[in-house]
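Colleague: Going by my numbering, the first residue of the sequence shown is number 691, and it counts up by one from there.
Note that beta-carbon positions come from the ideal geometry of N, C-alpha and C, so glycine has one too.
Quantities reported herein were computed from a predicted structural model and do not represent experimental measurements.
What follows is a structure written as structure tokens; I'll ask about it next.
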Amino acid sequence: MAEGEDLVDAAAAAGIEPVELLVAGENVAPALLAEVSSLAHPPRAIGVYRRGDLPRGARPVTLALWRVADPGNLGTLLRSAEAFGAGVALSPGCADPTSPKALRASMGALFRVPLADFDEAPGRRVALVPRGGTPLPELALEGEAVLVLGAEREGLPEELVAACDERATIPLPGSAESLNVAMAGTIALYEL
């Protein structure tokens, strides 16, 4: 469900047709639309879409997200993936990319970025770890690459890191212990 004209327009621009389109004052009373909306300020339009109509597939660079449960972070990573021409692969336990918060944070990128299951993404797997990896600017990757990012607090399980082809770290010259997963993913995409 896309709440607001900007998201409804983003879906239309991506060629995704709504199953139902509710427009305040046209085919639904504004008060009723406000009741079903999750937004503090009711939208003028709400579009309902089929999950199966979202883009699927792979791109040369993919963010593979392991149990990223915060919908705001997931939406931000979708937006970053779109900005840098990447795809997104989701593990079980990730936030629902179609949830209102994730969709809003994506600014409609959900309608344009191809999604895949976590294990479907092709390419060399690079675990993004807080310490002990190759500094990201020094990483030499050729061909398809999958950047594997972990959950907000837990990070990546050791067995998943061990299954990756490489480990990479974003050098942090300051005193911060780590970065938010959405920030780390965005920096990693920029560096590639």
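Mind checking SER796: buried by the 16 CB within 10 Å criterion, or exposed?
Modeller: Within the sequence shown, numbered from 1, the residue matching residue 796 stands at position 106. SER796 comes out buried.
Colleague: Ignore the nearest five residues each way along the sequence and tell me which others in TYR739's own chain have a CB closer than 7 Å to its CB.
Modeller: Along the sequence shown, one-based indexing puts residue 739 at 49. Excluding sequence neighbours, TYR739 sits near ALA692, ALA701, ILE706, PRO708, VAL709.
Colleague: Skipping 5 residues on each side, what residues in its chain have a beta carbon closer than 7 Å to that of VAL803?
Modeller: On the sequence shown, residue 803 is found 113 positions in, with the first residue counted as 1. Closer than 7 Å at Cβ, skipping near neighbours: PRO745, LEU768, ALA771, GLU772, GLY777, VAL778.
Colleague: If ALA785 sits next to ALA759, beta carbons under 8 Å apart, how far is it from one beta carbon to the other, in whole angstroms?
Modeller: Residue 785 sits at position 95 when you count from the first residue of the sequence shown. Residue 759 sits at position 69 when you count from the first residue of the sequence shown. At roughly 5 Å, the Cβ-Cβ gap stays under 8 Å, so ALA785 and ALA759 are in contact.
Colleague: Between which two residues does the alpha helix (DSSP H) containing GLY765 stretch?
Modeller: To locate residue 765, count along the sequence shown from 1; it is residue 75. Note, GLY765: alpha helix (DSSP H), 761-774.
Colleague: Would you report the Cα separation of LEU818 and ALA724, rounded to the nearest angstrom?
Modeller: Position 128 of the sequence shown holds residue 818. Position 34 of the sequence shown holds residue 724. Cα-Cα distance, rounded: 41 Å.
Colleague: Quick one: using the 10 Å Cβ neighbour count with 16 as the cut-off for buried, is ARG843 buried or exposed?
Modeller: Taking the first residue of the sequence shown as position 1, residue 843 is located at position 153. Under this definition ARG843 is an exposed residue.
Colleague: State the Cα-Cα distance for the pair LEU879 and VAL713, rounded to the nearest angstrom.
Modeller: By one-based count along the sequence shown, residue 879 stands at place 189. By one-based count along the sequence shown, residue 713 stands at place 23. Distance between the alpha carbons of LEU879 and VAL713: 37 Å.
Colleague: What are the boundary residues of the alpha helix (DSSP H) that includes ARG794?
Modeller: By 1-based counting over the sequence shown, the position of residue 794 is 104. 790-796 is the extent of the alpha helix (DSSP H) around ARG794.
Colleague: DSSP three-state label for GLY783, please.
Modeller: Counting from 1 along the sequence shown, the entry for residue 783 is found at position 93. GLY783: coil per DSSP, three-state reduction.
Colleague: Count the other CB atoms within 10 Å of the CB of LEU862; is the residue buried (16 or more) or exposed (fewer)?
Modeller: As a working mapping, residue 862 is identified with position 172 in the sequence shown. So LEU862 counts as exposed.
Colleague: Going straight from the alpha carbon of CYS854 to that of GLY813, what length do you get?
Modeller: Here residue 854 is taken as the residue at index 164 of the sequence shown, counted from 1. Here residue 813 is taken as the residue at index 123 of the sequence shown, counted from 1. Cα-Cα distance, rounded: 10 Å.
Colleague: Hey, VAL836 and ARG815: beta-carbon distance below 7 Å or not?
Modeller: Reading the sequence shown from its first residue, position 146 is the one you call residue 836. Reading the sequence shown from its first residue, position 125 is the one you call residue 815. Contact: yes.
Colleague: I'd like the list of long-range same chain contacts for ASN763, defined as Cβ closer than 6 Å, with 5 residues on each side in sequence excluded.
Modeller: Position 73 of the sequence shown holds residue 763. Excluding sequence neighbours, ASN763 sits near VAL871, ALA872.
Colleague: Am I right that LEU780 and PRO787 are in contact with their C-beta atoms under 8 Å? What's the rounded C-beta distance?
Modeller: Locating residue 780 in the sequence shown gives position 90, where the first residue counts as 1. Locating residue 787 in the sequence shown gives position 97, where the first residue counts as 1. At roughly 7 Å, the Cβ-Cβ gap stays under 8 Å, so LEU780 and PRO787 are in contact.
Colleague: Once the 5 residues before and after SER727 are set aside, which same chain residues still bring their CB inside 8 Å of it?
Modeller: For the purposes of this step, residue 727 is taken as the residue at position 37 of the sequence shown. Once the five neighbours on either side are set aside, the close Cβ partners of SER727 are GLU693, PRO733, ILE736.
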